[in-house]
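Enquirer: Protein chains in written order, with our numbering: chain U, 1 to 308; chain Y, 309 to 616; chain P, 617 to 924; chain S, 925 to 1232; chain X, 1233 to 1540.
Backbone N, C-alpha and C fix where the C-beta goes; we use that ideal spot for every residue, glycine too.
Got a structure for you, questions after.
Below is the structure:
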């Protein structure tokens, strides 16, 4: 499709990327029901690896099947579908060109615990290329003692991806030794910092969790107080995270977290949209519902972002 | 041989692989007494490395000889023979083309104990190619503190293998720091999770142990109970593991574990078959028997899977 | 522009570099209001990564925007602008050729604490080349238990940079296990030693903090006392650091540290200039001020170095 | 020379190796006084590195000279001479083609103690090639916590060596954390297991220590007892180790250990020969004697293996 | 110059090196006042990195300047000048061909303490080539828990250096966990062992400290006593170290250690020469003196080795 003014504007924020990478960013922005709006709703399905199959798929057993998810993304009109190597290999050659794919290049399982949070690299840029993906995905854990290794692995993968005309999507989830209490993981200052790190590492699209009202770093707290930065509503806090992402010049999308009720989800999404979020990434809340309910929810979410 | 409908169906589950890899998956499915059925019985002999030669081979001394095992696999009509580098180098040039070979690329000995479970990489994809193998084999230990290194090594080897038209067989054996009690290693939720991880890492064939009735992860236990997932019989549990393997769209085979009586083995195999297992991998239970008994047992096992 | 006698002299100190690298050193020396004087004022903006966005940019919110900083460097007439990958990618393709760029190849965030100080490598020489940079930047932490890894990473990057005609700028910040008290980090002997290490590692430009009057190493203290080396004034101490940098045959510039009042800054800069410093690198003290104040301050600083 | 029937038989055990590697195995089997017999006596001189020069060479001072050893090997009619890089570099260009050379690619000194036993890699396959060697040599320490690294290093070196037509000789010395008492290092089950590991890792020639009567692993002990495996005489135990080496289809040679009297050595060698050993590797017991005595001893040892 | 008989003899000890490497060994042997004698006096200046600039250069402030040292080496007629990357880059392009250069490829600073002694690799073989060097220099610390890493790094660098026609000079300084008392670092047995290790690792030139009368390893002590090896005088001990260096078939030179009086130095050098040392490497004792005194001292040292 021809690029809309908004898509052109967004692409202008990536002036140093080659045409291949810009094309793949555009492929995602121009796909599905939100095509051309500059907003994005992505279906991510890595929970089979991250939480195990029974917890992830038993609530809606057709979801055990890798075909199910890409079809759900197609039916709902998502901008892209993100999954680990195995799930993408199972569908890439069967649904070629029907949905922009994001190959998640690292993953972590829950069978081993008690170490510095760190994911294993489970795919390569060459895998993403041979599977026809639009982007690679990578998760960093700012705050982990292993963060530098993760940043460095991302650095190499992102350089290779960009050289091959792929886009780079970074999940930035603060956790680990540096985040000494659980509330810190979603604190608004930490969320903004995590988004900034992802941007500085060269992400085109950043995915963070909806920020909570807490402030974790004492030095940051002083600044929030001194300048009276509003953080009361989720929209306020999203606005801070978007500003922390190169003043809104990077695509920042938000996850929904644990499964919850439809109205709660839509209310949260309305706040995200009010705060300037570029979209949502919604896994369990969609694929654990029956297919038609999930399609309806995803479309309702898209409508919020489309301002309908 | 011409591909049967069932083999064609199975091959359709690997739509993203190149013709070379599909050919090698087909080579295994189309070899031996189970050719064309979509079932597989594999002879694996890595116990010389894993448990030492005297424990492995003294019960049937001809088994000290590397020629013995490939001949046994040929005589019984197995789909493939899997072994470490040394054992395959000893036979590959002598029995060329007589049996699909799987080069086990990592192994662990029992002379050193007390560390995070981790195998040494003892062969390469280039070794597999020069030896005329159909597939590489690799063992992961989900639950080990060293799991991420093992996943990453597998990732690189699997990518290289697929690029060279080889298939990838993954042994997934949960153990180590994360599996805090022995029963957890064969718990049904852990078995399903272990199979899922192998599939997500890009395995074409997954090998796990027969799952026991225990459930290890508390979060998984809630799901099994909430949805009343049947796990009473081995067939029930195998069904869960097969479902956890991309809803049955990956070839999942089961080991027999420690040596035991013939009738016990066949009863177990009947349950595996009832649960939808794609086959068995049977080492000590075959090569520690006298040759003719072993051939008979392997054929009886094949007959169970063939539905005879 | 044609090289002045002073620039020619400075370039003669790098007799083993290829013409590409000499050209890039000259590009920085010949750019902006200090062009041709042999002095340098650089704008560095890595604080979004190092301290987080809210602490860095909230005092002057336009600074959240990556465009802001390069424009500030242009408006003030700096010699170069230094930033991490994300910030440079956001501007390199938009302001091509308007400002010599230094890609900071490693960075450290403050979300994880308590480890040996070490930065993650967050960019590559190829990134610097594709972004049209004049130099790479790299931070070492002499005194850290991880120092050898950092030196080795720098070694490889510097070799690659020089082979590709780039200049090498090294930030040398003593800290970590070997610097057993906080005062040691800015002690004059440690500052001189840190500058020497950077020079020996092949830096063309070295950036250190203004040295304090303390002496940290007992063996060094004996030498300072025996030879009555003057260290009372900042100019004295700067003179020692410059001498420690190959007797003044390397470009040594000084940071300003924490934000402070304009007059304090200018007084400090006058001392730096009196001691033979080649210039200043000034981040927070410039971009946290409103734009026009920052331009004025940077120009005032340049005037001090220009001897106006 | 033309290959004897026995040499042809031995070469048939390596059906997967390329002609270059077979040629180099043949070069060793066809050299010296045992040429064509299928037996091997090798002179190894790595003690300068492993134990230090004064302990190694002072008993016979001409042995300080690297020329001394290759001349001794020539004079005695050994099959090959094995040494670390420095010793081989000192002679390879001076005695070209006069003696098959084995470059020992890893070594360990005794100046540092108390760590997991592990050798440093001190040479490369390319070194072996430029020095005209017939084989590489490599030591593994089964039982060491560092064993997997050693196996993996060997794997890579062996693959490279075979691709370049070299043979692979592995010294397999059990030691380290897993071998909890000193007697375990030479226990017969451990010796057999160590030989098996070396064979599985792809060794063409395996070198172990003469096994003692102890049994270390409880699981192995049960098997020795159950099957009444004879281990009373050294010949019995050697027979078990040879059987554990692919049923005698790998060349297994034995070291002599500490220096001792001539008659003791010859008695031990007679037992080795009775048990089916393929030969001896004899360092200190030869080069610490005066030249002519050493030549006589080595020839007497060869005569035992030749059945004279 | 035409090679003297002695230089030809020395070169014959390196029969496996390519003509490029032999040429570079010859370049050093044929340069300066000792040209053709087979003796060597080298000026090494790495103390700026190793001890810091103020301790190293303040006693003779012109020594802060990198030009100073190569000029001193030229004026005194040394065989070669050795320094880290930064110091050589500062002079190589300015004094091309005037002095054989040795690029010290690893260095250690004193700002961080308490770890296993280990140097950082601070230069590369390609650096040595582009700077026109005759040799690379590398320091090993036998006895350190990190020794194996250092040996392995040296191995790779030495292989690359030799392939490119460079010579290899190894500083062998025992220290670390294995040398449990300070006296052990200079014990005569340890010195001989350290020299042997350097030779076995492929060094063409070995540099050790003058050995003291102590014996550190109990097993070595027994041998020294049993064979009555003379160690009373420094000449005796030097003789042992030279013998331990392939029976004198490697170039072994000695450092002078801490700065001391002229007559003490010359007395020590006379003992070195009496013991068969090939020369001296003299840093602080030369460059911390005023220029003319240093030239005189270096020439006096050369005269001792020249037998004048």
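In this structure, how does DSSP classify residue 614 of chain Y when only helix, strand and coil are distinguished?
Expert: Counted from its first residue, the second chain places residue 614 of chain Y at position 306. Helix, per DSSP.
Enquirer: Could you have a look at residue 1203 of chain S and say whether DSSP puts it in helix, strand or coil?
Expert: As a position in the fourth chain, residue 1203 of chain S is number 279, starting the count at 1. Strand at residue 1203 of chain S.
Enquirer: In the DSSP output, which residue or residues are listed as bridge partners for residue 660 of chain P?
Expert: As a first step, residue 660 of chain P is located in the third chain; it is residue number 44 there, counting from the start. DSSP, once it has assigned bridges, lists P:698 as partnering residue 660 of chain P.
Enquirer: Assuming residue 751 of chain P is part of the beta strand (DSSP E), what are its boundary residues?
Expert: As a first step, residue 751 of chain P must be located in the third chain, where it is residue number 135. Start and end: 751-756.
Enquirer: Consult DSSP for residue 1025 of chain S and reduce its assignment to one of helix, strand or coil.
Expert: Here residue 1025 of chain S corresponds to residue number 101 of the fourth chain, with the count starting at 1. DSSP places residue 1025 of chain S in strand when its eight states are reduced to three.
Enquirer: Output the residue ranges of the alpha helix (DSSP H) runs that lie fully inside the stretch 210-242 of chain U and measure 4 residues or longer, sorted by chain position.
Expert: Counting whole runs of 4 or more residues, the stretch 210-242 of chain U contains the alpha helix (DSSP H) stretches 218-226.
Enquirer: Comparing the C-beta of residue 323 of chain Y with each C-beta of chain U, is any distance below 8 Å?
Expert: Sequence index remark: in the second chain, residue 323 of chain Y carries index 15 (1-based). Chain U, which has a Cβ nearer than 8 Å to the Cβ of residue 323 of chain Y, makes this yes.
Enquirer: Hey, is the stretch 543-555 of chain Y in contact with the stretch 499-510 of chain Y, meaning 3+ C-beta pairs nearer than 8 Å?
Expert: Enough Cβ pairs lie closer than 8 Å, so yes.
Enquirer: If you follow the alpha helix (DSSP H) that residue 980 of chain S is in, where does it begin and where does it stop?
Expert: Walking along the fourth chain from the start, residue 980 of chain S turns up at place 56. From DSSP, the alpha helix (DSSP H) with residue 980 of chain S extends over 977-981.
Enquirer: Comparing the C-beta of residue 219 of chain U with each C-beta of chain P, is any distance below 8 Å?
Expert: Looking up residue 219 of chain U in the first chain gives position 219. With 8 Å as the cut-off, residue 219 of chain U counts as an interface residue toward chain P.
Enquirer: Could you check whether the stretch 67-83 of chain U touches the stretch 41-56 of chain U, counting it as contact only if at least three pairs of C-beta atoms, one from each stretch, sit closer than 8 Å?
Expert: In short, these stretches touch, since the Cβ pair count reaches three.
Enquirer: Which residue from X:1332, X:1272, X:1301, X:1306 puts its Cα closest to that of residue 1256 of chain X?
Expert: Along the fifth chain, read from residue 1 onward, the residue named residue 1256 of chain X stands at position 24. Here the closest residue by C-alpha is X:1332.
Enquirer: How is residue 732 of chain P classed by DSSP in three states: helix, strand or coil?
Expert: Residue numbering aside, residue 732 of chain P sits at position 116 when the third chain is read from its first letter. Residue 732 of chain P: coil per DSSP, three-state reduction.
Enquirer: By how many angstroms is the C-alpha of residue 1019 of chain S removed from the C-alpha of residue 1370 of chain X?
Expert: Within the fifth chain, numbered from 1, the residue matching residue 1370 of chain X stands at position 138. Within the fourth chain, numbered from 1, the residue matching residue 1019 of chain S stands at position 95. The straight-line gap from Cα to Cα measures roughly 29 Å.
Enquirer: Quick check on residue 761 of chain P: does DSSP put it in helix, strand or coil?
Expert: Mapped onto the third chain, residue 761 of chain P falls at position 145. The answer is coil: DSSP assigns residue 761 of chain P none of H, G, I, E or B.
Enquirer: Counting contacts by CB-CB distance shorter than 8 Å, is residue 767 of chain P in contact with chain X?
Expert: As a position in the third chain, residue 767 of chain P is number 151, starting the count at 1. Yes, its Cβ sits closer than 8 Å to a Cβ of chain X.
Enquirer: Under the DSSP definition of a beta bridge, which residues are partnered with residue 106 of chain U?
Expert: By one-based count along the first chain, residue 106 of chain U stands at place 106. In DSSP, residue 106 of chain U forms a bridge with U:121.
Enquirer: Which residues in the same chain have their Cβ closer than 6 Å to the Cβ of residue 1509 of chain X, if we skip the five residues on either side of it in sequence?
Expert: Numbered from 1 along the fifth chain, position 277 holds the residue referred to as residue 1509 of chain X. The residues are 1470, 1486.
Enquirer: Using a Cβ-Cβ cutoff of less than 8 Å, which residues in the same chain neighbour residue 359 of chain Y once the five nearest sequence positions on both sides are dropped?
Expert: Within the second chain, the letter at position 51 stands for residue 359 of chain Y. So the qualifying residues of the chain are 418.
Enquirer: Can you list the residues of chain S that residue 429 of chain Y reaches, using a CB-CB cut of under 7 Å?
Expert: Position 121 of the second chain holds residue 429 of chain Y. Those are 1076, 1079, listed as they occur along chain S.
Enquirer: I want to verify the contact list: residues of chain X whose CB lies under 8 Å from the CB of residue 990 of chain S, in sequence order.
Expert: Sequence index remark: in the fourth chain, residue 990 of chain S carries index 66 (1-based). Near residue 990 of chain S (Cβ distances below 8 Å), the residues of chain X are 1478, 1479, 1481.
Enquirer: To which residues of the same chain is residue 340 of chain Y closer than 7 Å at the C-beta, ignoring the five residues directly before and after it?
Expert: Against the second chain, residue 340 of chain Y aligns to sequence position 32. Within the same chain, residue 340 of chain Y has close Cβ partners 385, 386, 387.
Enquirer: Report the rounded CA-to-CA distance for residue 1101 of chain S versus residue 1358 of chain X, giving the unit in angstroms.
Expert: Your numbering for residue 1101 of chain S matches position 177 in the fourth chain. Your numbering for residue 1358 of chain X matches position 126 in the fifth chain. For residue 1101 of chain S and residue 1358 of chain X, the distance between alpha carbons rounds to 41 Å.
Enquirer: With H, G and I counted as helix, E and B as strand and the rest as coil, what does DSSP make of residue 1019 of chain S?
Expert: If you number the fourth chain from 1, residue 1019 of chain S lands on position 95. Coil.
Enquirer: Thinking C-alpha only, which one of U:220, U:285, U:215, U:304 is nearest residue 614 of chain P?
Expert: Because chain P spans 617 through 924 in this model, residue 614 of chain P falls outside it and cannot be assessed.
Enquirer: Should residue 22 of chain U go down as buried or exposed, given a rule of 16 or more other Cβ atoms within 10 Å for buried?
Expert: If you number the first chain from 1, residue 22 of chain U lands on position 22. Buried, by the Cβ-count rule.
Enquirer: So residue 466 of chain Y and residue 476 of chain Y are in contact, right, with Cβ under 8 Å, and what is the actual spacing, rounded?
Expert: Within the second chain, numbered from 1, the residue matching residue 466 of chain Y stands at position 158. Within the second chain, numbered from 1, the residue matching residue 476 of chain Y stands at position 168. Sure, about 5 Å apart at Cβ, within 8 Å.
Enquirer: What's the gap between the Cα of residue 876 of chain P and the Cα of residue 1302 of chain X?
Expert: Looking up residue 876 of chain P in the third chain gives position 260. Looking up residue 1302 of chain X in the fifth chain gives position 70. Rounded to whole angstroms, residue 876 of chain P to residue 1302 of chain X spans 45 Å at the Cα level.
Enquirer: Among U:107, U:160, U:184, U:112, whose alpha-carbon lies nearest the alpha-carbon of residue 460 of chain Y?
Expert: The count along the second chain starts at 1 and reaches residue 460 of chain Y at position 152. Measuring from the Cα of residue 460 of chain Y, the nearest candidate turns out to be U:107.
Enquirer: I'd like to know whether the C-beta atoms of residue 208 of chain U and residue 269 of chain U end up nearer to each other than 8 Å.
Expert: Taking the first chain and counting its residues from 1, the one referred to as residue 208 of chain U is at position 208. Taking the first chain and counting its residues from 1, the one referred to as residue 269 of chain U is at position 269. Against a cut-off of 8 Å, the Cβ pair of residue 269 of chain U and residue 208 of chain U comes out as no contact.
Enquirer: Does residue 876 of chain P have its Cβ less than 8 Å from a Cβ in chain U?
Expert: For the purposes of this step, residue 876 of chain P is taken as residue 260 along the third chain, with counting starting at 1. No - not a single Cβ of chain U is within 8 Å of the one on residue 876 of chain P.
Enquirer: Could you check whether the Cβ of residue 344 of chain Y sits closer than 7 Å to any heavy atom belonging to the ligand PLP?
Expert: This structure lacks the ligand PLP; in fact it carries no ligand of any kind.
Enquirer: How should residue 797 of chain P be labelled, buried or exposed, when 16 other C-beta atoms within 10 angstroms of its C-beta is the threshold for buried?
Expert: Residue numbering aside, residue 797 of chain P sits at position 181 when the third chain is read from its first letter. Result: exposed.
Enquirer: Rounded to whole angstroms, what is the Cα-Cα separation between residue 62 of chain U and residue 98 of chain U?
Expert: As a position in the first chain, residue 62 of chain U is number 62, starting the count at 1. As a position in the first chain, residue 98 of chain U is number 98, starting the count at 1. Cα-Cα distance, rounded: 20 Å.
Enquirer: Look at the Cβ atom of residue 738 of chain P, then the Cβ atom of residue 701 of chain P, and state whether they are nearer than 8 Å.
Expert: For the purposes of this step, residue 738 of chain P is identified with residue 122 of the third chain, where counting begins at 1. For the purposes of this step, residue 701 of chain P is identified with residue 85 of the third chain, where counting begins at 1. For residue 738 of chain P and residue 701 of chain P, yes; Cβs fall inside 8 Å.
Enquirer: So, at 6 Å on beta carbons, what are the nonlocal neighbours of residue 765 of chain P in its own chain, with the 5 sequence-adjacent residues on each side left out?
Expert: Taking the third chain and counting its residues from 1, one reaches residue 765 of chain P at position 149. Nothing meets the Cβ criterion.
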